[in-house]
Amino acid sequence: MATKEESSSKNNEEEYPEFKGMTKLRRHDSLDLESSNVKGSHAHSSKEMNWTIVLSLAFQSLGVIYGDIGTSPLYVYASTFPKGIKDKKDILGVLSLIYYTITLLPLIKYVFIVLRANDNGKGGTFALYSLLCRNAKVGLLPSTQVEDQQVSNYQLQLPSNHLGLSLKLKTFLENSIVSKYVLLIVTMLSTSLVIGDGVLTPSISVLSAVSGLKEASETVFTEGRVVWISVGILILLFSVQRFGTDKVGYSFAPIVSIWFVMNASIGLYNFIKFDPTVIKAVNPWYIIDYFSRNGKDAWVSLGGVVLCVTGTEALFADVGHFSVRSIQLSMSALVYPALMLTYSGQASFLRLHEGDVTNTFFKAIPGPLFWPVFVIAVLSAIIASQAMISGTFSIIQQSLALGCFPRVSVVHTSATFEGQVYIPEVNYVIMLASVIVTLAFRTTEKIGNAYGIAVVFAETITSSFMVLVMLVIWKKNIALVLVFICCIMSVEFIYLTAVLYKFPHGGYFPIAFACLLLTIMYIWNYVYRKKYYYEMENKVSPDTLKEILSQSNFCRIPGMAIFYSELVHGIPPIFEHYIGNVPALQSVVVFASIKALPVSTVPSEERFVFRRVHPRELYLFRCVVRYGYTDPRNEEESFERLLIERLKEFMRNDFWIHAKNNEIEQRPGDVVEMVEDDRIRSSENKEESMRIIEEDLEKEIVVIEKAARVGVVHMMGETEVVSGKGAGVGKKIVIDLAYNFIKKNLRQTDKQLDIPRKRLLKVGMTYEL
1 MATKEESSSK NNEEEYPEFK GMTKLRRHDS LDLESSNVKG SHAHSSKEMN
51 WTIVLSLAFQ SLGVIYGDIG TSPLYVYAST FPKGIKDKKD ILGVLSLIYY
101 TITLLPLIKY VFIVLRANDN GKGGTFALYS LLCRNAKVGL LPSTQVEDQQ
151 VSNYQLQLPS NHLGLSLKLK TFLENSIVSK YVLLIVTMLS TSLVIGDGVL
201 TPSISVLSAV SGLKEASETV FTEGRVVWIS VGILILLFSV QRFGTDKVGY
251 SFAPIVSIWF VMNASIGLYN FIKFDPTVIK AVNPWYIIDY FSRNGKDAWV
301 SLGGVVLCVT GTEALFADVG HFSVRSIQLS MSALVYPALM LTYSGQASFL
351 RLHEGDVTNT FFKAIPGPLF WPVFVIAVLS AIIASQAMIS GTFSIIQQSL
401 ALGCFPRVSV VHTSATFEGQ VYIPEVNYVI MLASVIVTLA FRTTEKIGNA
451 YGIAVVFAET ITSSFMVLVM LVIWKKNIAL VLVFICCIMS VEFIYLTAVL
501 YKFPHGGYFP IAFACLLLTI MYIWNYVYRK KYYYEMENKV SPDTLKEILS
551 QSNFCRIPGM AIFYSELVHG IPPIFEHYIG NVPALQSVVV FASIKALPVS
601 TVPSEERFVF RRVHPRELYL FRCVVRYGYT DPRNEEESFE RLLIERLKEF
651 MRNDFWIHAK NNEIEQRPGD VVEMVEDDRI RSSENKEESM RIIEEDLEKE
701 IVVIEKAARV GVVHMMGETE VVSGKGAGVG KKIVIDLAYN FIKKNLRQTD
751 KQLDIPRKRL LKVGMTYEL
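Residue numbers (the numbering used here): 1 to 769.
This is the structure we're talking about:
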């Protein structure tokens, strides 16, 4: 049965067709709720891509997401047998492990399960965390609003009462503060590990490829020279990042395609020539035999075997650039068969040349093909590194948007390709770390010890999030979830125990690096949340605002002021601080709150949400500017112009609602505030009322346009954060030392929003947290 409010709304729409589809507000405190009068469709159009587009995307994906896993044959066997091969049967056991590891993790887990958990086309740990934040209230920042659910990409689905386990788990996550902190910290840890991959992938890929020079001449290309050549390539690689991936991206897919075809062909050649019987490794019994004969040594060797799935996180993280079907096609049709042939060919070669295990890849290349393969190997290693570096930039952009990373400069390097960004500060830090790792470890075996931990840890975290997604969002039967845990997570857990064994032998590096990044991210997010709570507790109340505006020494001056803050539930305390020192305000004022939604993108027509602060003649507006975690903050059209245009659109909608409701008898519980207008009520006919409404609307629009022409002043709070009186030692260290040290190297918000510095006024205030 329809409620009284729904019936009233329906009647109004029938009488006034121009109101149809327009969202209305319930009466609340005018400073605590934003309007939802925004344009834009709230329906998803899920048009199926034709096969021409799918094939094109599948080909392009080869050069972006498969470089890492494609170059893993350069070092897997060397990392698995660092002390040499003791028994030829061990080769079959390891090959069988490789077969089933690649089948279970990249193919079944990522390509056919995890890719389905994308956030409107975007992937990665933050995408999974955002999905959980939207479907269960697990976010720690109290900035959630009802209007957020009306964004087209939000797709909020709540468990129904008959889905007992899903509802119970959702309720537990929402009511447990510990679980909320655990989810946030684990998300940050996964991000830190992937950034660590951005350090290790260039090191191990480039060093493995350049090591092939030893085959040309071991006397000329010694280990030291190989290391320094690798360092030179790494420095060059990071130096060209500022030009953007798209400048060289057109050659990526053909090169990687040639790489896979060459590897598959050489693998097939070696398979037929040396020992075709290695095909027996499809029998998982050889895995059992391998462990029964080698015991602990077999378990330790898993740290090398797992390197065959390096880069699988990129399958998920980069799904937004392509499509699920295109990645499924490229993996199933080319990458998976090519990897199977490559590893089979190397195993067949090793059955007769056990002593060449330290450099299996280049030893197994037929003589005439050595230099062509070497050149393609170096290029593929660079492409693999490029993909991981670009992925690192994208992940940091996501964490930055959600308040989980210190502000750094994000440069969008392509006007054509979405999501291609460059972060100068991070680029040089990763370059320095990669060079140090290459010089310190010097061999792929030692780097592999570190690399394995980063890879498996990140994959295990993704699987853990997937269990929550399956239960809370997909609402799958518990039996299917248990199958996933037993078949996928149990395998990853075994690999994780094996790579942790190598912690003293280089495995400490990614853990230490991730812990450092996690500490920085958590400190930033902790103070970020504390500042938000402080502003909520000290926001300007309606009574205080009226008192300020009624002061005798207060005056209005021509022009428009945009006052920025991150508070979405009121006017921040820094406004009162400003008026207390400068009792003058522009004729039109917009309080703009910058907000990041737990969604990948927010359509531009749904970005601005306005609310008018009454009385109307004050021309005070609240505005929430909503971004997704992959949306660029500095758009092609200036932020100032967009805001003014959206403000005028809102005023037209708001004015018609205000005026029309003077003609509608207000019922108890009506959702729109009634404001009397004697001129409209005394008019004799509807045409006269419409003329009065249109005249008043034009007058208001003229006020906004005149204020904008006089000049727009951008006001931004420059808050200093200190620990409050009586704070403990730990809190003082975190806020006074660590946070303020990090803040010295911030990228300011005015640069993120492309605010003209000549019209920027910063207002200083100290927050005691």
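Ideal Cβ positions, reconstructed from N, Cα and C, are used throughout, including at glycine.
- Taken in chain order, the complete alpha helix (DSSP H) segments of 4 residues or longer contained in the stretch 303 to 333 are 312 to 317 and 324 to 330.
- Secondary structure of L769 (DSSP, three-state): coil.
- If you draw a 10 Å sphere on the C-beta of K502, you find 16 or more other C-beta atoms in it, and that means buried.
- Put simply, the stretch 92 to 108 does not touch the stretch 438 to 452. Fewer than three CB pairs are less than 8 Å apart.
- Contact between the stretch 191 to 199 and the stretch 450 to 470 is present: three or more C-beta pairs spanning the two stretches fall below 8 Å.
- The beta-carbon separation of V429 and L200, rounded to 14 Å, does not stay under the 8 Å limit for a contact.
- Relative to the Cα of P337, the nearest Cα in the group E566, I69 and G764 belongs to I69.
- Annotation for F591: F563, I571 and R622 place their beta carbon closer than 6 Å to its own, counting only its chain and skipping 5 residues before and after.
- The C-beta distance from T719 to I574 rounds to 7 Å, short enough to fall under 8 Å.
- Taking a 10 Å sphere around the C-beta of K296, we find fewer than 16 other C-beta atoms and assign the residue as exposed.
- Assignment of F405 by DSSP, reduced to helix, strand and coil, places it in the coil class.
- F608 and R646 have their alpha carbons spaced roughly 7 Å apart.
- Look at the beta carbons and you see the stretch 454 to 470 touching the stretch 108 to 123: at least three pairs across the two are nearer than 8 Å.
- Contact check for T52 against S205 fails: the beta carbons are separated by 8 Å or more.
- Here K137 has E174 as same chain residues with Cβ atoms under 6 Å from its own Cβ, once five neighbours each way along the sequence are excluded.
- Taking C-beta separations shorter than 7 Å and ignoring five residues to either side along the sequence, the partners of L92 in its chain run V278, K280, A281 and Y286, following chain order.
- Sequence-distant partners of V373 (beyond 5 residues in either direction) whose C-beta falls short of 7 Å from its own C-beta, in its chain, are M262 and I365.
- In the structure shown, P615 adopts coil according to DSSP, grouped into three states.
- The three-state reading of DSSP puts P284 in coil, since its state is none of H, G, I, E or B.
- Residue F81 holds the alpha-carbon nearest to the alpha-carbon of T358 among I233, F81, G123 and K531.
- Rounded to the nearest angstrom, the Cβ distance from A384 to G311 is 7 Å, consistent with a contact under 8 Å.
- The DSSP-derived three-state label of D90 is helix.
- Rounded to the nearest angstrom, the Cβ distance from T462 to T125 is 6 Å, consistent with a contact under 8 Å.
- The residue among Q586, L482, V613 and G730 with its C-alpha nearest the C-alpha of V540 is V613.
- In this model, Y269 and G345 are separated by some 7 Å (Cα to Cα).
- Just so you know, the alpha carbons of K648 and I704 end up roughly 8 Å apart.
- Nearest to F393 by C-alpha distance, out of W371, R242 and S330, is R242.
- A residue is called buried when at least 16 other Cβ atoms come within 10 angstroms of its Cβ; L439 does not meet this threshold and is exposed.
- If one requires a minimum length of 3 residues, the beta strand (DSSP E) runs lying completely within the stretch 620 to 659 are 620 to 627, in chain order.
- Short of 6 Å from the beta carbon of R325, and not among the five residues preceding or following it, lie these beta carbons of its own chain, in chain order: V54.
- Closest in C-alpha terms to G67, from the list V712, A387, I579 and Y181, comes A387.
- Leaving aside the five residues that flank I235 on each side, the residues in its chain whose CB is nearer than 8 Å to its CB run, in chain order, M431 and V435.
- In this structure, Q398 sits away from Y181, with a CB-CB distance that is not shorter than 8 Å.
- For L95, the closest alpha carbon among the candidates S332, D696, P510 and I288 is that of I288.
- The Cβ atoms of T497 and C308 lie no closer than 8 Å to each other.
- Approximately 35 Å separates the beta-carbon atoms of K109 and E215; this is outside 8 Å, ruling out the contact.
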